[in-house]
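First comes the structure, then the notes that go with it.
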Amino acid sequence: CLLLLAEINGQWLHISFLMQVHYGVQMALLVGGIGLLAFGLSRRDWRWPVLPRRDMLFLGGIVLLALVLRLVALDSTIHRFVDEINFIDAITRLWDTPNVSILRPFSDVTAFTWVYTILQNITGSLFGTNLVGLRMVSVIFGTLTVPALYFLARTLFHDRWLALLAALVLATFPPQLHFSRIGINNIADPLFGTLALAFLIRGLRSQRRSDFIVAGAALGLTQYFYEGGRLLFPCLTLAIAGIYWLVLKDKWRNFKALLWLAIAAGLIAAPVYYTIVGNREILMPRLYSEAIEPDWYFNLLTYTGDGSSEWLTQRYADPLLLYVARPDMGWFYGGNQALILVAVVPFFFLGAGCLIWKPRSPAAILLLLWLLLTALGNSFLRESASSPRYVLTFPALALLIALGLRYLLSDLSAKRWQMVIGVLVVYLVCGGQVIYYFYDHLPAVNQQLRQPEEWEDALFRLKDLPAGAQAHFIMQTPVREFNLNAFVRYWHLDIQVDAKAVETVTDTYLQSLVNLNVKQFFFVNESQSAVLARLRQHFTLSEPLWSLYDVPQANQLARYDAGIIWPYVFK
């Protein structure tokens with residue numbers, strides 16, 4: 070199955086009947102190939118993690134909480150597209166050309182495989198082609214990462230309470246909440262990376278081949294989504310496997326087990342690289358486009374001006390400060406705080422201190438490497454502290470916070486009233502994260518992302534336009550019509566839409582619209598009085614239709630329904 074999938078996308082052999090294959094068949098080959106490979110390579114010595122009934126109830130409640138927090142007001146709290154237009158456009162192109170090569174990049178900017186987009190197309194068919202359908206895949210991946218982290222923490226530390234705490238912290242962790250509620254593929258990386266590490270560690274202890282095969286399968290799947298996971302998790306897995314191999318006694322037996330992991334991961338990831346080589350594409354396109362040129366480092370060594378220290382800070386300090394002290398300066402996450410809230414940072418440092426106290430333990434090496442390698446990798450990029458590239462660290466951050474809380478709870482467990490204090494602290498931390506995200510972070514983000522002319526907000530007032538209508542966005546700086554048309558296609562609107570600069574709205578242009586005898590709608594900012602006056606010379610304008618969302622009128626593009634002034638037609 071995987072060999073067929075690779076040839077369909079790589080076209081090394083130029084087999085004619087494999088050149089046009091429906092994306093559904095390709096996805097079936099991918100899923101079937103992974104399943105058959107995992108089943109065939111293992112010794113069928115599967116053993117599912119056994120949970121006590123009480124733990125199962127606790128974990129089930131935490132997972133349910135995670136799902137609810139990611140679903141509530143999914144289509145209204147983030148009422149704009151956080152880099153989702155590219156995914157929307159890819160979905161609509163999937164409708165037009167279902168025989169796409171799903172392992173090739175679907176865009177030059179978002180140079181990722183079509184796998185995530187195909188999953189979004191499936192959820193769109195189930196939940197509707199709207200923001201809920203678009204974002205549901207992220208909700209599912211974000212929710213599933215919660216029990217995956219429980220499994221990793223339980224395997225790594227053999228502490229059920231720590232594992233439950235880690236799951237609860239991640240379920241309420243603001244950045245993880247945020248990226249689970251927007252329709253981009255970054256949130257897929259931590260799920261498969263966490264599963265790969267968890268099954269690797271369990272396999273090294275159980276010596277069951279099935280654990281290594283599942284770890285390899287999960288590791289191979291990290292190559293199908295965002296580029297950060299493609300780079301980090303193989304390096305992290307290799308480092309942890311090497312450390313365990315040095316510590317464990319039966320080195321030859323463990324070497325053979327790790328070899329099975331490498332075979333499984335390599336076979337599952339192979340179609341991606343077969344496609345890249347076959348089509349002569351760039352191996353890591355995002356890294357290639359965003360990395361700093363090598364000459365920059367040489368110039369830094371020879372530069373003695375005052376700005377060199379600032380550059381060094383931006384390169385190497387900002388990636389670390391983003392965890393605890395520096396707000397995200399981009400527009401993906403934004404807000405006024407770092408990834409970890411100020412009130413939660415002490416627990417993070419307490420957890421990190423517990424690990425540093427035992428620096429030779431595999432757990433300490435794993436979690437610290439997880440964070441440090443991510444920061445180091447980002448230091449080579451132009452924007453060294455951009456939050457989407459840190460999504461893959463969220464399980465590690467949550468686990469370190471949980472370690473700090475667990476250490477505190479262990480010291481407060483002697484008496485009943487001390488236990489009550491400990492539970493209250495956990496409640497305040499996790500509840501505080503939720504309150505911060507919905508009542509502080511989201512309003513701040515919406516304020517930060519506000520534009521002088523809110524065209525994204527105006528798009529949602531296209532949905533009730535009659536078939537055949539024409540809509541015109543008249544703006545000082547017109548938005549790309551690519552964005553408008555992607556929305557119209559995805560929402561299945563039978564209308565035409567364009568964007569015009571203010572200075573192009575002339576009497577000649579408006580008269581041409583009158584002559585079409587088609588229902589016209591105009592989206593104009595209220596400050597454009599000259600444009601509105603000119604429109605009223607050619608059309609009868611309705612009262613402005615304003616947004617239903619919390620957007621200041623001064624920033625809105627009000628919708629005007631235009632009726633024809635018949636004397637102009639006869640004229």
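Residue numbers (the numbering used here): 70 to 640. All C-beta atoms in this analysis are idealised placements derived from N, C-alpha and C, irrespective of residue type, glycine included. Note that the structure is a prediction, hence the values are computed from the model and not measured.
DSSP on G202, reduced to helix/strand/coil? helix
Taking the beta carbon of C304 as the centre, do at least 16 other beta carbons fall within 10 Å, making it buried, or is it exposed? exposed
DSSP three-state call for K427: helix, strand or coil? coil
Quick one: using the 10 Å Cβ neighbour count with 16 as the cut-off for buried, is F591 buried or exposed? buried
Candidates G297, R250 and V492, of which the one nearest L136 by Cα: R250
Between G289 and A331, is the Cβ-Cβ spacing less than 7 Å? no
Beta strand (DSSP E) segments (min. 3 residues) lying fully within the segment 525-571: 539-544 and 565-570
What did DSSP end up calling L74 once you bin it into helix, strand or coil? helix
Unbroken alpha helix (DSSP H) run spanning F242, endpoints: Where F242 is concerned, there is no enclosing alpha helix (DSSP H), given that its DSSP letter is neither H nor E.
Who are the near neighbours of V65 in its chain, counting only those whose CB is closer than 8 Å to its CB and skipping five residues on each side? The structure shown has nothing for residue 65, since the chain only spans 70 to 640.
Are the beta-carbon atoms belonging to V413 and V498 less than 7 Å from one another? yes
Is DSSP giving Y295 helix, strand or coil here? coil
Are Y618 and H148 close, meaning C-beta to C-beta below 7 Å? yes
Report yes if the CB atom of A308 is closer than 7 Å to the CB atom of L441, and no otherwise. no
Is the segment 256-276 touching the segment 95-105, taking contact as three or more C-beta pairs under 8 Å? no
Check this for me: beta carbons of I312 and I160, under 7 Å apart or not? no
For my contact list, A240 and I409 are in at a C-beta cut-off of 8 Å; report their separation, rounded to the angstrom. That belief does not hold up - the Cβ atoms of A240 and I409 are roughly 15 Å apart, past 8 Å.
Given that a residue counts as buried once 16 or more other Cβ atoms are within 10 Å of its Cβ, and exposed if not, what is S279? buried
Compare the Cα-Cα distances from A599 to each of I171, I543, Q292 and L203 and report the closest residue. I543
Suppose you measure from the CA of P512 to the CA of Y505; what does that come to, to the nearest Å? 10 Å
Which residue wins for smallest C-alpha separation from A235, given the options K320, G420, W81 and D177? G420
Whole angstroms is fine: what's the gap from D567's alpha carbon to F463's? 40 Å
CB contact check: V571 to chain D, cutoff 7 Å: No chain D appears in the structure shown, which is made up of a single protein chain.
Taking the alpha carbon of L203 as the point to measure from, which residue in L213, F86 and I187 has its own alpha carbon closest? I187
For R549 and P450, the rounded distance between their alpha carbons: The sequence as given places Leu at residue 450; Pro does not occur at that position. So the alpha carbons of these two residues sit roughly 27 Å apart.
At the level of alpha carbons, what is the spacing between V583 and G297? 52 Å
Below 7 Å CB to CB, which residues in the same chain sit around C423 once its five sequence neighbours on both sides are set aside? L472 and Y476
Evaluate contact between the segment 511-531 and the segment 610-626, counting only Cβ atoms and requiring at least three cross-stretch pairs below 8 Å. yes
What ranges does the alpha helix (DSSP H) occupy inside the segment 399-467, keeping only unbroken runs of at least 4 residues that lie completely in it? 414-425 and 431-447
If you count every other CB in all the chains shown that lies within 10 Å of the CB of V208, and 16 or more means buried, which is it? buried
Would you mind listing the alpha helix (DSSP H) stretches within the segment 247-291 that are 4+ residues and don't spill past its ends, in chain order? 257-275 and 278-290
List the residues that DSSP assigns as beta-bridge partners of A627. V593
Does DSSP put W143 in a helix, in a strand, or in coil? Residue identity differs from the one stated: residue 143 is Leu in this sequence, not Trp. L143: coil per DSSP, three-state reduction.
Apart from the five residues just before and just after R468, which ones in its own chain have a Cβ nearer than 6 Å to its Cβ? According to the sequence displayed, residue 468 carries Leu and not Arg. Excluding positions up to five away in sequence, the list reads A222 and A235.
For V460 versus N155, is the C-beta distance shorter than 7 Å? no
In the structure shown, what three-state DSSP assignment does F175 receive? coil
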